[in-house]
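Notes follow the structure.
Protein chains: 2
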Amino acid sequence: MTTISESIRNLARDAKETARTLSTLSSEIKNRALLRMADRLVEESAALLAENKKDLGGAESKGLSGAMLDRLRLTERSIADMAQGLREVAALPDPVGVVTSMWKRPNGLQVGRMRIPLGVIGIIYESRPNVTADAASLCLKSGNCVILRGGSEAIHSNLAIASILKESLRKEGIPESAVQIVSTTDRAAVEELLTLEDYIDLIIPRGGEELIRTVVRLSRIPVIKHYKGVCHVFVDADAEIQVAVDICVNAKAQRPGVCNAMETMLVHKDIAPRFLPAAAEKLLAAGVTLRGCEKTRAILPGIEKATEDDWYEEYLDLILAVRVVDGLEQAMEHIAAYGSMHTEAIVTSDYGNARRFVNEVNSSTVMVNASTRFSDGFELGLGAEIGISTTKLHAFGPMGVEELTTTKFFIFGDGQLRS
Amino acid sequence: MTTISESIRNLARDAKETARTLSTLSSEIKNRALLRMADRLVEESAALLAENKKDLGGAESKGLSGAMLDRLRLTERSIADMAQGLREVAALPDPVGVVTSMWKRPNGLQVGRMRIPLGVIGIIYESRPNVTADAASLCLKSGNCVILRGGSEAIHSNLAIASILKESLRKEGIPESAVQIVSTTDRAAVEELLTLEDYIDLIIPRGGEELIRTVVRLSRIPVIKHYKGVCHVFVDADAEIQVAVDICVNAKAQRPGVCNAMETMLVHKDIAPRFLPAAAEKLLAAGVTLRGCEKTRAILPGIEKATEDDWYEEYLDLILAVRVVDGLEQAMEHIAAYGSMHTEAIVTSDYGNARRFVNEVNSSTVMVNASTRFSDGFELGLGAEIGISTTKLHAFGPMGVEELTTTKFFIFGDGQLRS
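Residue numbers (numbering that gives the first Met the number 0), protein chains in the order written: chain A, 0 to 418; chain B, 0 to 418.
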């Protein structure tokens, strides 16, 4: 009998062997497979919903929360959206083989850098079955093999989706081992996977902070991490009040449960007496609870008091920490001290302050006069998003298909020798 | 009393705090500091040689090999070379703040990507004291703080060099904590350093495979790894014999002890009867020992027999493994199976085979009709080299100052909201 450890090793070894083939697939073949996957998912909706029902039943009997069940649930609509996602990935430009730059050396050598796939990518994720199709499509598009390891609560849905993806690969003559799914829900499988540095080039965990910290702790393979999104909007002294209010309400309340929502609002002391009452009216109307510093509460006496802990908090909820600051310098110091290097915005009419904020704040996304909610692969124009990195190695911020590649050097010579 | 662990933490915390200042330094100030460092190293040659003498004395009494002593030794000449290296780094373009691309979204948002420093970089190295100046200069140029940890055998030389670097920083108004040197030779210091993921963004080990494997095993911080350089030259059927011989001799014998030297020569069976005798004559004359497969020995009966182990070997010496292959396909399979993804070259006159080799071999540097010895940051035109990465995350191949940066997204808006 094969042990879990052996079967995971075999699966990863197969992926590694397939990686060489996958790196040379033409864009045409990859796109045909993606479009076929999209069609087949829709055609097989009934079967997918039946498998999903098993997962939902199991989750209910385990007493999972309504929000968890929502994330787990497939519908005709969510399957159609998944298929549409695959079609959009097919329509993206192929990053593989792109020459990012080329130059000539004094000895006549022509030197270039060319994008190539990373090789084998492991995705470890929770609840949402649509990640199975999303992640597999982005890896295929970028010429990488993928090993998928979803949550045990979604195992039937994930296996059903993966089996349709594999069937489509086969029909287009692409090795099925390009998309691997771990079929056991045993935790030992993940632990084994994270030790296979000879076969797997990158691990991307997608889920809560707990999952990510566990993966980082156990992995011998490089991990692209996304910890918290403690995003700030700084309302500068000469911001236009209406623009600032609209941006802050959008950044906080348009979708509070996601990582690019604003968590702390920083307000220049000179604009605070005019801006805060206007902003509070709209924020409170949107159901937001405000927690302010002393100076904020001097202007908005009715609100809760913010403590030191609030500045670190990623609420992911309709709660907002508010601090009045002396100016740009203090705002940037606050962001450096308490922020998570995710996304920060300044609302200003001042050219110099806009320029300083953009140049000096080294979060993964910095903005002038726009909502932090735009910090997202699709909204930035990357086409789709495999995740967001809040650490700086390899990728920083929203990651599209380009971030699933690296570059090699290539050289055209005419017999040059080194002396 | 401060423990080693505390003093390392303090040093790393200082570096982290300085990183924000360092990221906004103008190119002018950084370059002035680099030029001052160069001048001061030369002026203080006598003092440096005196400190180096202490290290040499200690190393001799410990019975270190002649090669090790050579690497450790400073001379008037090597100090002048170190200074020249600093001047060359000063002359490089500043990578920080460079906008690598910028585009407009349908809603009018302008989105760009800008290079920013990584933050704090730890360099762990052996013997050569010049790494102290080289590594510090590349980190300063790219706006990063650096923590240097050299070998215990070079501690006096390293401290003396670092003290000159720090003095020059101070004179230019740059915080001294931009260049940190670990002054204890206790191994516990390295172990502590490798756990400080909150303060240090990247670890680059420079030294033998043993050092690198230890760092990778202990580090919680991302490590850029350079394992082996098992480099190949494939001599194709219609290579020009003279060009192929010259390239192979240069790749093997011009400097055999370095990672971009050829270790295995693959020869197309159709050219082998003409090429091998011509190549063997020149290689043997250069002092190279040949180890061949059966087919090679049928043509060159006098040479040693290669075993399976030879295909994996990084000799770093005047030894060469030779294999006759059926063609391009088998050559690429050999490289994929035994290579280390460092550098590979094809010698050919065939357009299609050159194109396939460049597109399908995913080593960090692939070449047509040039010596593998060109796989080097300076030779490729990166200006200088902080190391070579043989894994694909973040950097692949020779790394220059650009590889010590990451990119952030920046957005210029006019009040855009997400709907």
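Cβ coordinates follow ideal geometry from the N, Cα and C atoms, glycine included. This structure is a prediction, so every number in the text was calculated from the model and none was measured.
| Asked | Found |
| --- | --- |
| Identity of the residue in GLU293/B, LEU85/B, ILE211/B, PHE377/B nearest ALA271/B by Cα | GLU293/B |
| LEU108/A to TYR350/A span [Cα, whole Å] | 44 Å |
| Residues of the region 399–415 of chain B with Cβ closer than 8 Å to any Cβ of chain D, in chain order | Going by chain labels, chain D is absent from the structure shown, which instead holds the protein chains A and B. |
| Proximity test, Cβ basis, 9 Å: LEU265/B and chain A | no |
| Beta-carbon proximity list for LYS103/A, same chain, < 8 Å, skipping 5 on both sides | GLN109, VAL110 |
| Where THR404/B sits in the DSSP three-state scheme | strand |
| For GLY111/A: DSSP bridge partner residues | MET101/A, PHE409/A |
| Residue span of the beta strand (DSSP E) that contains HIS155/B, given as start and end | It is not in any beta strand (DSSP E) - HIS155/B instead sits in the alpha helix (DSSP H) that spans 154–170. |
| is_contact[LYS251/A, chain B] using C-beta, thresh 9 Å | no |
| Unbroken beta strand (DSSP E) run spanning GLY386/B, endpoints | 386–388 |
| Burial state of THR371/B, where buried means 16 or more other Cβ atoms lie within 10 Å | buried |
| Which of helix, strand or coil DSSP assigns to GLN253/B | coil |
| Contact set between the region 365–380 of chain B and chain A, restricted to residues whose Cβ is under 8 Å from the partner | VAL365, MET366, VAL367, ASN368, ALA369, SER370, ARG372, PHE373, SER374, GLU378, LEU379, GLY380 |
| Start and end residues, alpha helix (DSSP H) containing HIS341/A | Segment: none, HIS341/A is in no alpha helix (DSSP H) and carries neither H nor E. |
| 8 Å Cβ cut-off: residues of chain B touching ARG246/A | The residue asked about is misnamed: residue 246/A is Ile in this sequence, not Arg. Within 8 Å Cβ-Cβ: GLY414, LEU416. |
| 6 Å Cβ shell around LYS304/A - same chain, five flanking residues per side excluded | none |
| Neighbour flag for ASP200/B against chain A, beta carbons, 9 Å | yes |
| Members of the region 209–238 of chain B that neighbour chain A once the beta carbon cut-off is set at 7 Å | PRO221 |
| Nearest neighbour of THR342/A, chosen from TYR226/A, THR1/A, ALA383/A, ARG216/A [CA to CA] | TYR226/A |
| Proximity of ALA89/B and LYS140/B at Cβ, strictly below 9 Å | yes |
| Span of the alpha helix (DSSP H), counted from its first residue to its last, around VAL213/A | It should be noted that the sequence gives Thr, not Val, for residue 213/A. That run of the alpha helix (DSSP H) goes 208–217. |
| Limits of the alpha helix (DSSP H) - the one that ALA305/B falls within | Looking at the DSSP string, ALA305/B is not in any alpha helix (DSSP H), and its letter there is neither H nor E. |
| Proximity of VAL229/A and GLU332/A at Cβ, strictly below 9 Å | no |
| Neighbouring residues, chain B, relative to HIS393/A (Cβ below 7 Å) | LEU392, HIS393 |
| Chain A contact for LEU117/B (CB, 9 Å cutoff) | yes |
| Pair within 9 Å by beta-carbon distance, LEU21/B and ASN143/B | yes |
| Outcome for ARG169/A when other beta-carbon atoms lying within 10 angstroms are tallied against a minimum of 16 | exposed |
| Alpha-carbon to alpha-carbon, ALA14/A and GLY84/A | 24 Å |
| The region 315–334 of chain B contacting the region 215–226 of chain B, beta-carbon criterion three pairs below 8 Å | no |
| Residue-level contact to chain A via CB, LEU108/B, 9 Å cutoff | yes |
| Inter-residue CB distance, ILE154/A and THR184/A (contact presumed, cutoff 8 Å) | 5 Å |
| Which of helix, strand or coil DSSP assigns to HIS267/A | strand |
| Start and end residues, alpha helix (DSSP H) containing LEU71/A | 65–71 |
| Whether THR406/A touches PHE395/B by CB criterion (9 Å) | yes |
| Interface partners of ARG273/B on chain A, CB under 7 Å | Result: empty, since nearest Cβ-Cβ is about 17 Å, beyond 7 Å. |
| Partners in chain A for TRP102/B, counting only beta-carbon separations shorter than 8 Å | GLY380 |
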